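Scroll down for the structure; my scribbles are underneath it.
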Amino acid sequence: MKECSVWAFGYGSIIWKVDFPTTESCVGYVRGFVRRFYQGSTDHRGTPESPGRVVTLLPTGIEEDKVWGVAYRIPDEEVESVISHLDYREKGGFTRSKTLFFPKDSKVEPFEIIVYVAVEGNVNYLGPAPLDEIARTIAFSRGPSGTNVEYLFNLCKSMRELVPEVKDEHLFTLEAGVRKLLAREEEATQLKQENLKLQNPKA
Numbered sequence: 013m014k015e016c017s018v019w020a021f022g023y024g025s026i027i028w029k030v031d032f033p034t035t036e037s038c039v040g041y042v043r044g045f046v047r048r049f050y051q052g053s054t055d056h057r058g059t060p061e062s063p064g065r066v067v068t069l070l071p072t073g074i075e076e077d078k079v080w081g082v083a084y085r086i087p088d089e090e091v092e093s094v095i096s097h098l099d100y101r102e103k104g105g106f107t108r109s110k111t112l113f114f115p116k117d118s119k120v121e122p123f124e125i126i127v128y129v130a131v132e133g134n135v136n137y138l139g140p141a142p143l144d145e146i147a148r149t150i151a152f153s154r155g156p157s158g159t160n161v162e163y164l165f166n167l168c169k170s171m172r173e174l175v176p177e178v179k180d181e182h183l184f185t186l187e188a189g190v191r192k193l194l195a196r197e198e199e200a201t202q203l204k205q206e207n208l209k210l211q212n213p214k215a
């Protein structure tokens with residue numbers, strides 16, 4: 013039974029990068045939160061000198077607000093080791109807590125789930141900013157786990173596959189903004205290369 017098991021909620025990279033053992037997964041949502049790129053990343057998608065941005069859950073207290081993601085059931089015999097692994101993976105400002113998870117399949121009863129949230133005031137918290145500013149940070153940040161762009165695009169792709177009927181305005185607006193920035197950057201690079209060829213026709 014789900015209420016006798018330990019489940020972990022993925023709403024960011026855990027959706028598409030499951031690096032721990034699971035026995036079952038379930039698409040659904042948590043209530044009373046919104047997903048926002050408000051947490052700085054200095055150990056995965058950025059550096060201490062140039063932090064990237066990753067998602068956290070922002071409590072709203074509004075029941076109608078939902079954040080969709082995936083719940084993963086942790087094998088009973090692996091609970092301690094998996095939680096230790098997730099505590100380490102989410103060490104950059106995230107705190108482990110519990111909330112209620114609502115499966116997409118309404119025939120399945122809601123159940124308690126572990127969730128990692130980066131609360132305001134933690135050392136890496138960046139907080140709100142204009143979307144174009146957040147998009148620029150994401151477009152040009154990179155860390156030990158890869159580019160910030162990869163994180164955003166993989167999350168958008170996963171959400172479209174899991175719940176195509178759900179439109180996460182914050183998420184998809186940032187995706188569009190980042191794509192525009194990357195297109196401009198590529199155009200500028202090509203123009204620079206063409207100018208260099210004109211200046212050095214024999215090169």
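For any residue, its number in this note's numbering is found by taking its place in the sequence shown, counting from 1, and adding 12.
Don't be surprised by glycine CBs; every beta carbon is placed ideally from N, CA and C.
Keep in mind that this is a model prediction, so the values were computed, not measured.
- Going by C-alpha positions, glutamate 89 is about 11 Å away from serine 17.
- Under DSSP, alanine 83 takes part in a beta bridge, and its partners are Phe21, Cys38.
- Judged by their CB atoms, glycine 40 and proline 115 are nearer to each other than the 7 Å cut-off.
- By alpha-carbon distance to serine 96, the top candidate from Lys169, Asn160, Pro33 is Pro33.
- Three or more beta-carbon pairs separated by less than 8 Å are not found between the region 144-161 and the region 112-126, which leaves the two stretches without contact.
- The continuous alpha helix (DSSP H) containing threonine 149 extends over residues 143-151.
- The residue among Val66, Trp80, Leu70, Thr107 with its C-alpha nearest the C-alpha of aspartate 180 is Trp80.
- Looking at the backbone, the Cα of glycine 58 and that of glycine 64 are separated by about 4 Å.
- Excluding residues up to 5 positions away in sequence, Gly155, Ser157 lie with their Cβ nearer than 6 Å to the Cβ of histidine 56 in the same chain.
- For leucine 70, the CB contacts under 8 Å within the same chain, skipping 5 residues up- and downstream, are Phe45, Val46, Arg47, Arg48, Tyr50 in chain order.
- Tyrosine 128 is bridged by DSSP to Arg108.
- Just measuring C-alpha positions, the residue of Thr149, Glu173, Pro176, Glu187 sitting nearest leucine 164 is Glu187.
- Among the bridge pairs identified by DSSP, serine 53 is matched with Gly64.
- Considering only Ala130, Thr111, Thr35, the residue with the shortest C-alpha distance to glycine 24 is Ala130.
- The criterion of a C-beta distance shorter than 7 Å is not satisfied by serine 53 and valine 67.
- Threonine 159 and glutamate 173 have their C-alpha atoms spaced approximately 22 Å apart.
- The DSSP-derived three-state label of glycine 158 is strand.
- In the displayed model, leucine 138 falls within coil according to three-state DSSP, outside both helix and strand.
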